[in-house]
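Colleague: One structure follows; several queries about it will come next.
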Amino acid sequence: MQTFQIRRADSADAAIRGAAAAKTAQQGADIRFLAGGTTLLDLMKLNVETPKQLIDIKRLPLDKIETLPDGALRIGATVKNADLANDERVQRDYPVLSQALLSGASAQLRNMATTGGNLLQRTRCLYFRDTGMACNKRDPGSGCAAIGGFSRNLAILGVSDQCIATNPSDMNVALMALDATIHIKGATGERAVPIADFFLLPGKTPDKETVMQPGDLITHVTLPAPAKGERSLYLKLRDRASYEFALASAAVVMTMDGDKIGKVAFAMGGIGVRPWRDKTVEAKLTGQSPDRDAFRSAAEAFLKDARPQEGNAFKVELARRCLVHTLETAAKLA
């Protein structure tokens with residue numbers, strides 16, 4: 000592990016100012032905010048992340064879950080995954096989010112991991128985590144050892160000739176289906192970013208994963224008020240039931256209009272370089288009967304641009320079945 004400094008911030012503004020000052024004083028050195036640290040400290044031990052300074056934000060007042068006047072839900076950036084998953088409002092109004100969180104990691108990690116940290120979670124690609132291997136995400140221009148290598152847990156959607164790494168988060172898949180908004184504060188002010196615009200495709204710059212700029216701090220996430228009669232569900236397929244990342248997962252949020260589909264939103268994890276959603280496919284299901292043929296057609300369209308490697312070609316059929324089953328099950332929920 001490389002040497003680093005750690006400082007504690009007493010406010011969000013102080014944390015942002017501290018990051019800017021440290022970056023200037025240390026001539027552009029990497030600065031990271033530290034909350035739960037369940038990903039960052041792990042990567043620091045592997046020398047994948049080598050920040051010169053950590054700014055501790057654990058004690059900032061960003062750990063509240065609040066219902067807003069319009070019925071939306073505000074989730075602070077340092078809310079623990081366990082607290083969010085077990086919150087009565089989340090379990091009642093956004094069960095897909097609670098289910099996604101409870102399917103991820105271990106109970107011990109959920110007691111430490113935070114909302115903001117989960118949004119910024121780095122890939123579990125073994126080539127990214129091994130500094131002896133070529134990885135454009137870790138070392139731009141070095142190549143991608145995963146292409147043509149071991150690819151079982153890697154992406155089939157959104158990939159480029161520079162990177163095929165998956166976004167590993169379960170929470171992010173649910174937030175994508177729920178149309179979450181990410182609220183960010185930085186040196187240039189505050190901004191609200193729809194989650195659909197938050198994650199970047201790898202293209203030629205896989206090291207740039209989100210719209211976050213150096214010194215930016217996620218302060219909270221908002222979820223729109225649930226629609227009347229809304230039902231939601233998360234399904235995760237993995238090699239084993241405990242403490243494992245998704246091979247394919249699906250988050251579905253649906254309303255019914257009589258015996259027809261009123262509105263549906265769905266996203267998938269384990270198969271994309273970011274939580275994957277296609278609103279054009281969703282729109283085609285509106286007004287249709289919730290039968291297997293309609294869902295199979297939607298799944299085919301959703302996966303039409305899949306670019307698997309030899310080692311993860313099975314994910315195309317696995318993802319198709321995962322999505323169809325989740326849509327069918329959601330449609331039957333009372």
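Okay, so the sequence shown: first residue is 0 according to numbering that gives the first Met the number 0, each after it adds one.
Just so it is clear, CB atoms sit at the ideal spot from N, CA and C, and this is done for glycine as well.
Express the C-alpha separation of GLU87 and GLN161 in angstroms, rounding to a whole number.
Modeller: For the purposes of this step, residue 161 is taken as the residue at position 162 of the sequence shown. For the purposes of this step, residue 87 is taken as the residue at position 88 of the sequence shown. Spanning the two alpha carbons is a distance of roughly 43 Å.
Colleague: With which residues is VAL252 paired in a DSSP beta bridge?
Modeller: The sequence position of residue 252 within the sequence shown is 253, counting from 1. Partner(s): SER231 and ALA264.
Colleague: Establish whether the CB of THR2 and some CB of chain D are separated by less than 8 Å.
Modeller: Considering every chain present, this structure includes no chain D. It has just one protein chain.
Colleague: Helix or strand or just coil, what does DSSP make of ILE54?
Modeller: Taking the first residue of the sequence shown as 1, we reach residue 54 at position 55. In the structure shown, ILE54 sits in a strand (DSSP, three-state: E or B).
Colleague: Do three or more CB pairs link the region 235-252 to the region 168-177 at distances below 8 Å?
Modeller: Counting Cβ pairs under 8 Å, three or more are found: they touch.
Colleague: Which whole-angstrom value describes the C-beta separation of PHE149 and PRO274, a residue pair presumed to lie in contact below a C-beta threshold of 8 Å?
Modeller: Position 150 of the sequence shown, counted from the start, is the residue given in the question as residue 149. Position 275 of the sequence shown, counted from the start, is the residue given in the question as residue 274. The Cβ separation is near 23 Å, so there is no contact.
Colleague: Locate the beta strand (DSSP E) running through GLU87, then write down its first and last residues.
Modeller: Here residue 87 refers to the residue found at position 88 when the sequence shown is read from its first residue. Careful: GLU87 lies outside any beta strand (DSSP E), inside the alpha helix (DSSP H) at 87-92.
Colleague: Give the straight-line distance between the Cα atoms of VAL89 and GLN308, rounded to the nearest whole angstrom.
Modeller: Within the sequence shown, the letter at position 90 stands for residue 89. Within the sequence shown, the letter at position 309 stands for residue 308. When rounded, the distance between both Cα atoms is 37 Å.
Colleague: Quick check on the DSSP output: the alpha helix (DSSP H) that includes THR336 runs from which residue to which?
Modeller: Here the chain covers residues 0 to 333 and nothing more, so residue 336 does not appear.
Colleague: When you compare the CB positions of THR165 and LEU234, do they come within less than 8 Å of one another, or not?
Modeller: As a first step, residue 165 is located in the sequence shown; it is residue number 166 there, counting from the start. As a first step, residue 234 is located in the sequence shown; it is residue number 235 there, counting from the start. No, these two residues do not count as a Cβ contact at 8 Å.
Colleague: Enumerate, from N- to C-terminal direction, the unbroken beta strand (DSSP E) stretches of 3 or more residues contained entirely within the region 109-174.
Modeller: none
Colleague: Three or more beta-carbon pairs under 8 Å between the region 256-267 and the region 278-297, yes or no?
Modeller: yes
Colleague: Only counting the same chain, and skipping five residues up and downstream in sequence, which positions put a Cβ closer than 6 Å to that of GLY341?
Modeller: What is shown of the chain runs 0 to 333, which leaves residue 341 out entirely.
Colleague: Starting from the Cα of ILE163, find the closest Cα among HIS219, ASP129, PRO201 and PHE313 and give me that residue.
Modeller: By one-based count along the sequence shown, residue 163 stands at place 164. Minimum Cα distance to ILE163 is reached at PRO201.
Colleague: Does GLY27 come out as helix, strand or coil in the three-state DSSP assignment?
Modeller: Residue 27 sits at position 28 when you count from the first residue of the sequence shown. Residue placement at GLY27 cannot be trusted, given a pLDDT of 46 that sits under 50; what the coordinates show is reported in the next sentence. Coil at GLY27, not helix or strand.
Colleague: By DSSP, does VAL323 sit in helix, in strand, or in coil?
Modeller: Here residue 323 refers to the residue found at position 324 when the sequence shown is read from its first residue. It is helical.
Colleague: Please report the residue range of the beta strand (DSSP E) in which ARG6 lies.
Modeller: As a position in the sequence shown, residue 6 is number 7, starting the count at 1. Taken as a continuous stretch (DSSP letters only), the beta strand (DSSP E) holding ARG6 covers 4-7.
Colleague: Quick check: what's the CA-CA separation for GLY142 versus ASN135?
Modeller: Your numbering for residue 142 matches position 143 in the sequence shown. Your numbering for residue 135 matches position 136 in the sequence shown. So the alpha carbons of these two residues sit roughly 5 Å apart.
Colleague: Specify the secondary structure class of ARG16 as computed by DSSP and reduced to three states.
Modeller: For the purposes of this step, residue 16 is identified with residue 17 of the sequence shown, where counting begins at 1. If DSSP states are grouped into helix, strand and coil, ARG16 belongs with the helices.
Colleague: I'd like the list of long-range same chain contacts for ALA76, defined as Cβ closer than 7 Å, with 5 residues on each side in sequence excluded.
Modeller: Position 77 of the sequence shown, counting from 1, holds the residue named residue 76. Hits under 7 Å: LEU61, THR113, THR114, GLY115, ILE217, THR218 and HIS219.
Colleague: Contact defined as beta carbons within less than 8 Å: I believe LYS63 pairs with MET111. What is the distance between those atoms, to the nearest angstrom?
Modeller: Residue numbering aside, residue 63 sits at position 64 when the sequence shown is read from its first letter. Residue numbering aside, residue 111 sits at position 112 when the sequence shown is read from its first letter. Rounded, the Cβ-Cβ distance is 18 Å, inconsistent with contact.
Colleague: Can you tell which of PRO289, PRO193 and GLU189 has the C-alpha that lies nearest to the C-alpha of LEU118?
Modeller: By one-based count along the sequence shown, residue 118 stands at place 119. Ranking PRO289, PRO193 and GLU189 by Cα distance to LEU118 puts PRO193 first.
Colleague: Expressed to the nearest angstrom, what Euclidean distance is found between the alpha-carbon atoms of ASN152 and GLY268?
Modeller: As a first step, residue 152 must be located in the sequence shown, where it is residue number 153. As a first step, residue 268 must be located in the sequence shown, where it is residue number 269. Cα to Cα, the separation comes out at about 11 Å.
Colleague: DSSP on GLU189, reduced to helix/strand/coil?
Modeller: As a working mapping, residue 189 is identified with position 190 in the sequence shown. Looking at GLU189 - three-state DSSP - the assignment turns out to be strand.
Colleague: Going by beta carbon distance, what residues of the same chain come within less than 6 Å of LEU322, once the five residues before and after it are set aside?
Modeller: Within the sequence shown, numbered from 1, the residue matching residue 322 stands at position 323. Excluding sequence neighbours, LEU322 sits near ALA249 and ALA298.
Colleague: What residue range is occupied by the uninterrupted beta strand (DSSP E) comprising ILE194?
Modeller: Numbered from its first residue, the sequence shown carries residue 194 at position 195. Unbroken run through ILE194 is the alpha helix (DSSP H), 194-197; no beta strand (DSSP E).
Colleague: Suppose you measure from the CA of LYS44 to the CA of GLN4; what does that come to, to the nearest Å?
Modeller: Numbered from its first residue, the sequence shown carries residue 44 at position 45. Numbered from its first residue, the sequence shown carries residue 4 at position 5. Answer to the nearest angstrom: the Cα atoms are 15 Å apart.
Colleague: Assuming contact is defined by CB atoms lying nearer than 8 Å, are GLN98 and LEU232 in contact in what I supplied?
Modeller: By one-based count along the sequence shown, residue 98 stands at place 99. By one-based count along the sequence shown, residue 232 stands at place 233. With contacts defined by Cβ atoms closer than 8 Å, GLN98 and LEU232 form a contacting pair.
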